[in-house]
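First to last, the protein sequences are chains A, B, C and D.
Residue numbering for the first sequence follows this note's numbering, starting at 3 and increasing by one per position.
Residue numbering for the second sequence follows this note's numbering, starting at 3 and increasing by one per position.
Residue numbering for the third sequence follows this note's numbering, starting at 3 and increasing by one per position.
Residue numbering for the fourth sequence follows this note's numbering, starting at 3 and increasing by one per position.
We treat Cβ as the ideally placed atom computed from N, Cα and C, and that holds for glycine.
There are 4 protein chains.
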Amino acid sequence: MSGNTFGTLFRLTSFGESHGPALGCIVDGCPPGFMLSAEDIQPFLNKRKPGQSRYTTQRRELDEVQILSGVFEGRTTGTPIALLIENTDQRSRDYAEIKDLFRPGHADFTYHHKYGHRDYRGGGRSSARETAARVAAGAIAQLYLQRNLGIVSEQEISKNDFFCPNSTQISELAALIEALRRQGDSVGARVKIIARNVPIGLGEPVYEKLDAVLAAAMMSINAVKGVEIGAGFSAVSQLGSEHRDQMSKQGFLSNHAGGILGGISTGQDIEVSIALKPTSSITTPAQTLNTSGEEVTVVTKGRHDPCVGIRAVPIAEAMMALVLMDFYLRQKAIK
Amino acid sequence: MSGNTFGTLFRLTSFGESHGPALGCIVDGCPPGFMLSAEDIQPFLNKRKPGQSRYTTQRRELDEVQILSGVFEGRTTGTPIALLIENTDQRSRDYAEIKDLFRPGHADFTYHHKYGHRDYRGGGRSSARETAARVAAGAIAQLYLQRNLGIVSEQEISKNDFFCPNSTQISELAALIEALRRQGDSVGARVKIIARNVPIGLGEPVYEKLDAVLAAAMMSINAVKGVEIGAGFSAVSQLGSEHRDQMSKQGFLSNHAGGILGGISTGQDIEVSIALKPTSSITTPAQTLNTSGEEVTVVTKGRHDPCVGIRAVPIAEAMMALVLMDFYLRQKAIK
Amino acid sequence: MSGNTFGTLFRLTSFGESHGPALGCIVDGCPPGFMLSAEDIQPFLNKRKPGQSRYTTQRRELDEVQILSGVFEGRTTGTPIALLIENTDQRSRDYAEIKDLFRPGHADFTYHHKYGHRDYRGGGRSSARETAARVAAGAIAQLYLQRNLGIVSEQEISKNDFFCPNSTQISELAALIEALRRQGDSVGARVKIIARNVPIGLGEPVYEKLDAVLAAAMMSINAVKGVEIGAGFSAVSQLGSEHRDQMSKQGFLSNHAGGILGGISTGQDIEVSIALKPTSSITTPAQTLNTSGEEVTVVTKGRHDPCVGIRAVPIAEAMMALVLMDFYLRQKAIK
Amino acid sequence: MSGNTFGTLFRLTSFGESHGPALGCIVDGCPPGFMLSAEDIQPFLNKRKPGQSRYTTQRRELDEVQILSGVFEGRTTGTPIALLIENTDQRSRDYAEIKDLFRPGHADFTYHHKYGHRDYRGGGRSSARETAARVAAGAIAQLYLQRNLGIVSEQEISKNDFFCPNSTQISELAALIEALRRQGDSVGARVKIIARNVPIGLGEPVYEKLDAVLAAAMMSINAVKGVEIGAGFSAVSQLGSEHRDQMSKQGFLSNHAGGILGGISTGQDIEVSIALKPTSSITTPAQTLNTSGEEVTVVTKGRHDPCVGIRAVPIAEAMMALVLMDFYLRQKAIK
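What follows is the structure, encoded as structure tokens:
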């Protein structure tokens, strides 16, 4: 229980179901005196929100964030910052049919067995809608890290609907998505998050190593099934003579470590890749059970999201920022 | 700071450097009345300890564990259990040369910058020696889960030096290791940990999802660069119609989810795979800097470990058990 | 930083300044399936709110609570419950004068030095207004404990404006309060909170003993300067032969321990007393400094609250309930 | 469960029963580069240990502390520091009689019901022997605070067996103790701990206010039944015009607040007083039950400790230091 808090000094606690009145969070531990407004946070949410490209789900939420506390005369006070996002486009009737089904690949089965009583509409708290709160909180961290440390995440990826850094791939991706939509199917995605200008020394070995906490942060995002740092799984077949990053007076000669050694940042780019599974909510029927143990068929009606991975990008950026912010503050305690 | 505690109800706090007097830990929150002795724990440590096969490092430690508290008349009292393992084979003179070097691929560079003053001998706390404490603590969890829930990890793998489930591969692996030793090089490894008979309902969404905490637990192990659950990174290119695990009256028809949906255990086998990088301590020289910023060459003398991944198996089992134990207790609080 | 979270399994995180848009909290870890509505919580807030008797402050807040998540079809889902209370009667103009003063006995001085930038209106987060969130969260705990365990707090005290169990004292108290109001002064208060029907076994020695956590819970309430359990400070001069609670077949023969031995509940009534200081916001002028270091005089205008202690009663009940709820869940993990 | 960890950044986890092999702790989060040796810590333990004056218990323990990790070449490395104290004078035979009794005023009853299986010898973990680990950990904090911030606790009290600041009272106290010993009885004690030179700004409102955490820290010490800050319970009958500490250019004009306002240190002396109950282990017989529910008589044989409060002084100092150290590090994260 109480698994809805993340972080030690810069701490996020979130709430909200897909079809409840609202989502939101409390961000505790933001240093005081930092300039912050809802308008600063909104663009981060806009990058995440549904219905903004023809490649993603068509639920249309405004995702307007309000700041309810922790800011006075435009600057943070060091007291907890509450962020609220109201749900406006729930369409609860779309889910009434599936209230007694266990949709394959979704958390219906596990929530039913763990909690007994669950909000089945849109997956309740298991829905990716919950990530809006993370993105709002992560926005504060990103702004702070940018302004104070120059830590940035890749920006040019926002210029296309796929967050793809290689513009030559866009049309191919678009064609793939369209084909999947017509087939009634979906595909997974791989997302890479890079943080630059990270100071050396962030991370708290041995259980709160930077890579360990990043792994948890990313794995906690809906649909993530794998996390790797630097060379990641390719290190399995690498030779030691290849993998280790040697050094010269110019600095490190490579970055297979992905910016982390011994669980602590090296000053090199932190490179994290995640694997997202394909959504199970597709128009192709699936076989499953209902809550009475009977075999039934389930199918998603209407438009579906052929690749949820696209939407994970701003969420992964948010989680990266939240982790770095927390470790940044923890490192200050030593100096 | 203070990143050496793991778990919420079943909580491990560990200490110890590679060349310090001892390693150990405190396990807090073990239910009372459980039969436990040092003899119960020792086999788990023996499975881990160095010098027991010709394929791994030749440091010879007895790794004898002592129980200093928390057990009375052979059963746990519910009070903290302290485990102590004395270091006996430090050979500190082997490291005097490298005290001012940053060995590539090791944590020397990051520990130097984060802490300033570090125990350079054998990597100090960044050494994999630290994992002996985890294995000792994990033994308690494994014994409890086995006896109370029948949760086991794969046993037959212990019958060969590689923990390899496929006996036909042994000679090939042996040849590879020998070749690498002669080359003065090393290779990474992939390890898969499976837990069976896990009850449904373990995990605390959204930040302490079972897979998220497992990811952190595994990533915190030395040399781990990637963690995946179930289909993992192969889910990136899977179709939704393939990936999702459908259900019939016989139960789930597949297990691409790896036993976890929505961050909660489904009752299916929990399957976690990890990627371990090749060790950087090889007899092939490497280029690096010393603490004065001068370019120097570093090389490991004598025998080296061509594949550290082999030794990660009992450590990964220990981490799996620690995580499951903690979530098992947390789930009891709801029922 | 991040000191706004309370509890381990039943966890409260709160936010809100006296003059911000709203106050509220997230309650994480409430067991699922529990019947809960805003109407269930409101009476607890009404017992606390200002302006309801002529003996307390005249700020008139509706303190209407809304549930934003964690409840579906009238019952909890086991997901975080967000509670929101909007501020409606701020009267910010009353505070513009004192923005640069350090009101004696208030937190202005410490908040100024710790945070630099502070919301001075009504004391910002240091205001007792913040306790509305605690009372709302505590209501959930009180309801759960009542219905599931029959744990109650003293009810008849609500029948008079002073929460006084001895009706013969009411007129004397009323006269005292009136006299203080005319004098422009205030007085402290002593409040005793009793919990009945508490099961044996709650508390987690040695640092999270039940009495230790209760002490922190109570001391965290505004104006509290002392906490005692059972005999408390009178135990200083008690003889051992008097203090110790002997036992017979009828049970304990006394309760100097206040229901707690070795940090664990004994099954007897838990008796906690707290000392509240007199408010410093009185119409008698005081000498202080402003933020420029100049000596100035400060005075509260208009009506003041001669005894803030009266309002602490429902807050102390809330904290008692929050602590017992958390330990109740933690104890379930052992059994 | 797992209530044996204290602190957030400067974190203590302890273990050990009265009659087990050893006691000890892990101190995690001590800043690196700090000069530390077992010889630095020993005097703090000597101030606490039994058998050193004729006024306290006659168990003779060497209480020799060993440092097992976290220190290299005389300075801390920033990694966890393990401290070990072996038990040498257990005399287990003294307790065999009472294994099935619930000694009044002791934790036997509650431990029996909470844990089922308990180490009854000397009270097991409920024994004050456990506080040796706290004193050892607190020594590190005290040394750090002294050297880095000049924060000291009252030293001259160590010059007499009662830690009494007023030498004219010594003979009276000695006579009282002797009389109680002859009577076969005991008395409580009041101890006041003062910390000087504490910087402004320590404390994390609202639940981790400095006074709240100090209250928990002190209440967690065996035999403590009350904690007060500054004016404490005398504030109940104080007028607001008296209690509030006014300010002039010379600073605060009084210190009824005890150095804490709004849960944050003001820079004034932090003054905490605690109430300790009289020990129940006296030579006067008491009536109680055994584990079979039968009425029995229990009595302590031989010499007893007429006033346990005397020994609480170094423990209370340790707890004060641990709390201040943790908040000192947390405050650095903001600046």
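> CA-CA distance, B/TYR330 and B/LEU175?
Replying inline: Straight through space, the alpha carbons of B/LEU175 and B/TYR330 are spaced by roughly 37 Å.
> Name the chain C residues whose beta carbon is nearer than 8 Å to that of D/GLN289?
Replying inline: The CB of D/GLN289 comes closer than 8 Å to the CB of GLN248, MET249, SER250 and LEU255 in chain C, given here in chain order.
> Using CA coordinates, which residue listed in C/PRO45, C/HIS114, C/ALA233 and C/TYR209 is at the minimum distance from C/ASN257?
Replying inline: Nearest of C/PRO45, C/HIS114, C/ALA233 and C/TYR209 to C/ASN257, Cα basis: C/ALA233.
> Near D/PRO280, what residues of its chain come up, given a Cβ to Cβ distance below 7 Å and the 5 sequence neighbours on each side ignored?
Replying inline: Result list for D/PRO280: SER188, VAL189 and GLY190, in chain order.
>> Can you look up A/GLN148 in the DSSP assignment and give me helix, strand or coil?
In response: DSSP places A/GLN148 in the helix class (H, G or I) of the three-state scheme.
> Is there at least one Cβ from chain C nearer than 8 Å to D/TYR209's Cβ?
Replying inline: Output row for D/TYR209: interface = yes.
>> Is A/ALA225 near the ligand ZN - that is, is its Cβ less than 7 Å away from at least one heavy atom of it?
In response: Because no ligand of any kind appears in the structure shown, any question about the ligand ZN cannot be addressed here.
>> Give me the subset of the region 6-19 of chain A whose CB atoms are less than 8 Å from a CB atom of chain C, sorted by chain position.
In response: Within the region 6-19 of chain A, contact with chain C at the beta-carbon level (separation under 8 Å) is assigned to ASN6, THR7, GLY9, THR10, LEU11, PHE12, ARG13, THR15, SER16, PHE17, GLY18 and GLU19.
>> Suppose the cutoff is 8 Å on Cβ atoms and the five residues either side in sequence are ignored; what does the same chain contact list for D/THR302 look like?
In response: Answer for D/THR302: SER283, ILE284 and THR285, listed in chain order.
> List, in order along the chain, the chain A residues whose C-beta lies closer than 9 Å to that of D/PRO351?
Replying inline: It is not possible to answer for residue 351 of chain D, since the shown part of chain D is limited to 3 through 337.
>> Given this structure, state the Cα-to-Cα distance separating A/HIS306 from A/GLU180, to the nearest angstrom.
In response: Straight-line Cα distance between these residues: approximately 11 Å.
> Using a C-beta cutoff of 8 Å, does A/GLY80 count as contacting chain D?
Replying inline: With 8 Å as the cut-off, A/GLY80 counts as an interface residue toward chain D.
>> Below 7 Å on C-beta distance, what does D/LEU331 contact in chain A?
In response: What D/LEU331 touches in chain A: ALA335.
>> So with CB distances below 9 Å, who are the chain C contacts of D/ALA138?
In response: Result: empty, since nearest Cβ-Cβ is about 14 Å, beyond 9 Å.
>> Looking only at its chain, what residues have a beta carbon closer than 7 Å to the beta carbon of D/ASP30, apart from the 5 residues adjacent to it on each side?
In response: These residues qualify, in order along the chain: ARG13 and PRO82.
> What three-state label does DSSP hand A/VAL300 in the structure shown?
Replying inline: Three-state result, A/VAL300: strand.
> According to the neighbour-count rule (16 or more other Cβ atoms, all chains shown, within 10 Å of its Cβ), is A/GLN240 buried or exposed?
Replying inline: Under this definition A/GLN240 is a buried residue.
> Hey, out of D/THR268, D/ALA288 and D/ASP121, whose CA is closest to B/GLY76's CA?
Replying inline: By alpha-carbon distance to B/GLY76, the top candidate from D/THR268, D/ALA288 and D/ASP121 is D/ASP121.
> Is B/GLU319 helix, strand or coil when you go by DSSP?
Replying inline: Shown here, B/GLU319 sits in a helix according to DSSP, grouped into three states.
>> Within 8 Å, do at least three Cβ pairs link the region 264-279 of chain D to the region 104-117 of chain C?
In response: Enough Cβ pairs lie closer than 8 Å, so yes.
>> Residues of chain B with CB closer than 9 Å to the CB of D/LEU145, please, in chain order.
In response: What D/LEU145 touches in chain B: nothing, since even the nearest Cβ is about 16 Å away.
> For chain D, is any of its Cβ atoms less than 8 Å away from the one on B/ARG77?
Replying inline: Nearest CB-CB separation between B/ARG77 and chain D: below the 8 Å threshold.
>> Under 8 Å, Cβ to Cβ, is there at least one residue of chain D near C/GLN44?
In response: Taking a beta-carbon distance threshold of 8 Å, C/GLN44 does not count as an interface residue toward chain D.
> If C/ILE69 and C/ALA24 are in contact, beta carbons under 8 Å, what's the gap, nearest whole angstrom?
Replying inline: With 8 Å as the limit, C/ILE69 and C/ALA24 do not qualify as a contact, their Cβ atoms being about 14 Å apart.
> Taking buried to mean at least 16 other C-beta atoms within 10 Å of its own C-beta, is A/THR293 buried or exposed?
Replying inline: Per the 10 Å Cβ criterion, exposed.
> Does the region 239-254 of chain C come within contact of the region 244-255 of chain D, defined as at least 3 CB pairs closer than 8 Å?
Replying inline: Taking 8 Å as the limit for Cβ pairs, the verdict is that the region 244-255 of chain D does not touch the region 239-254 of chain C.
>> Once DSSP output is grouped into helix, strand and coil, what is the label at A/LYS51?
In response: Three-state result, A/LYS51: coil.
> Among residues of its own chain, excluding the 5 on either side of C/GLY152, which ones have a beta-carbon nearer than 7 Å to its beta-carbon?
Replying inline: Only ASN199 meet the Cβ criterion.
> Do B/LYS334 and C/LYS334 have their C-beta atoms closer together than 8 Å?
Replying inline: Result yes, Cβ atoms of B/LYS334 and C/LYS334 sit closer than 8 Å.
>> Considering only DSSP beta bridges, list what B/GLY253 is partnered with.
In response: According to DSSP, which records beta bridges pairwise, B/GLY253 is partnered with B/SER250.
> C/ALA135 versus chain A: which residues are under 8 Å apart at the beta carbon?
Replying inline: Going along chain A, no residue has its Cβ under 8 Å from C/ALA135, so there is no contact; the nearest lies around 10 Å.
>> So for A/ARG332, helix, strand or coil by DSSP?
In response: Of the three classes helix, strand and coil, the one that applies to A/ARG332 here is helix, per DSSP.
>> Let's see if you can read the secondary structure: which residues bound the alpha helix (DSSP H) around D/GLU174?
In response: 172-185 is the extent of the alpha helix (DSSP H) around D/GLU174.
>> Helix, strand or coil, according to DSSP, for C/SER283 in the structure here?
In response: Three-state DSSP puts C/SER283 in coil, outside helix and strand.
>> Taking the alpha carbon of C/LYS194 as the reference point, which residue from C/SER169, C/SER275 and C/ARG127 has its own alpha carbon closest?
In response: Relative to the Cα of C/LYS194, the nearest Cα in the group C/SER169, C/SER275 and C/ARG127 belongs to C/SER275.
> Where does D/ASN6 land, buried or exposed, given buried means 16+ other C-beta within 10 angstroms?
Replying inline: Counting the other CB atoms within 10 Å of its CB gives D/ASN6 a total of 16 or more, which places it among the buried residues.
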